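Taking the working numbering, I'd label the letters of the sequence shown as residues -10 to 255.
Let me begin by presenting the structure, written as structure tokens, before commenting on it.
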Amino acid sequence: MSLQKTWGNIHLTALGAMMLSFLLVGCDDSVAQNAAPPAPTVSAAKVLVKSISQWDSFNGRIEAVESVQLRPRVSGYIDKVNYTDGQEVKKGQVLFTIDDRTYRAALEQAQAALARAKTQASPAQSEANRTDKLVHTNLVSREEWEQRRSAAVQAQADIRAAQAAVDAAQLNLDFTKVTAPIDGRASRALITSGNRSPLATPPACSPPVSQKTVYVYFDVDESTYLHYQNLARRGQGASSDNQALPVEIGPVGEEGYPTGQSGFSR
């Protein structure tokens, strides 16, 4: 009897301990659910104040400031092309040479005519000077004096005409060398050695173009144009007295563009 009571007391004591443990665990879960969540992490940065520039991008086309249509001034067969396609040339550099034998012969003929005119003018002038003295003493008639004087004047006119012919022949001979009128890059030759170049020929080569300064033309819509025009009038973004806006020009995907200024519109 005594043993049964003791076991019963032990069983009740253990059961009471288990219930107390469950009660404590339940209280801990309730406290954890009612606790406030942790504060979120916030990063802070110093405010930076500076001016910014607005940029717009446009597609444009490049054109040279100087571009010439190179045509021979005299006809003849092309002896030699003195440059390679795409070569940079200097002003005055010979690009084409035309067969000059005909023009050299014409120059020599004109020079011979000039020498003959000068030879004939010398005695004519001497006769005129002599009759100038004799006419005052009535040793020659006035009619003869006038004839001698006219012959001397005609001889001087013949000299001037012969000199003009020499100058023209010299020019034609010089024109057999087709030179570059500007510094720049020469394009493809359209006339090659052995071909005849008539006076009405197309250009001898694609136009040589200068490279030091270029124009860049691009199209913009009306609202953008008016926006930048108003900025220039207010002096915002203008880089010079003519109110030109600064621009940067370069191929797509590259940096370090060369700078320029906006100019006129057309």
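Quick reminder that beta carbons are idealized off the backbone N, C-alpha and C, glycines included.
This structure is a prediction, so every number in the text was calculated from the model and none was measured.
Quick one: is residue i buried, meaning 16 or more other Cβ sit within 10 Å of its Cβ, or exposed?
i	result
residue 32	exposed
residue 85	buried
residue 65	buried
residue 317	Nothing can be reported for residue 317, as the shown portion of the chain is limited to -10 through 255.
residue 41	exposed
residue 162	buried
residue 178	buried
residue 120	buried
residue 197	buried
residue 238	exposed
residue 103	buried
I believe residue i touches residue j by the beta-carbon criterion, under 8 angstroms. Please report the beta-carbon distance rounded to the nearest angstrom.
i	j	result
residue 148	residue 106	5 angstroms
residue 175	residue 72	5 angstroms
residue 110	residue 136	The pair is not a contact, with the Cβ atoms about 16 angstroms apart (cut-off 8 angstroms).
residue 264	residue 158	With the chain running from -10 to 255 in the structure shown, residue 264 is simply not present.
residue 117	residue 138	5 angstroms
residue 47	residue 209	6 angstroms
Less than 8 angstroms separating the beta-carbons of residue i and residue j?
i	j	result
residue 186	residue 61	yes
residue 202	residue 45	no
residue 141	residue 114	yes
residue 63	residue 164	yes
residue 205	residue 49	yes
residue 184	residue 67	yes
Quick check: is any heavy atom of the ligand NAP less than 7 angstroms from the C-beta of residue i?
i	result
residue 207	Absence of the ligand NAP from the depicted structure is noted, as is the absence of any ligand whatsoever, leaving it without description.
For residue i, I'd like the list of residues in its chain whose CB is within less than 6 angstroms of its CB, leaving aside the five on either flank, ordered along the chain.
i	result
residue 100	155
residue 112	none
residue 123	129
residue 88	65, 66, 68
If you drop the 5 nearest sequence neighbours on each side, which residues of the same chain put their C-beta closer than 7 angstroms to that of residue i?
i	result
residue 166	83, 86
Could you pull out every residue in the same chain whose Cβ sits closer than 8 angstroms to the Cβ of residue i, ignoring the five residues on either side in sequence?
i	result
residue 20	Only weak support is given to the placement of residue 20: the predicted model assigns it a pLDDT of 49, under 50, and the question is left unresolved by the model.
residue 207	47, 48, 49, 50
* **Touch test, the stretch 81 to 97 against the stretch 162 to 170, Cβ-Cβ under 8 angstroms, three pairs minimum** => yes
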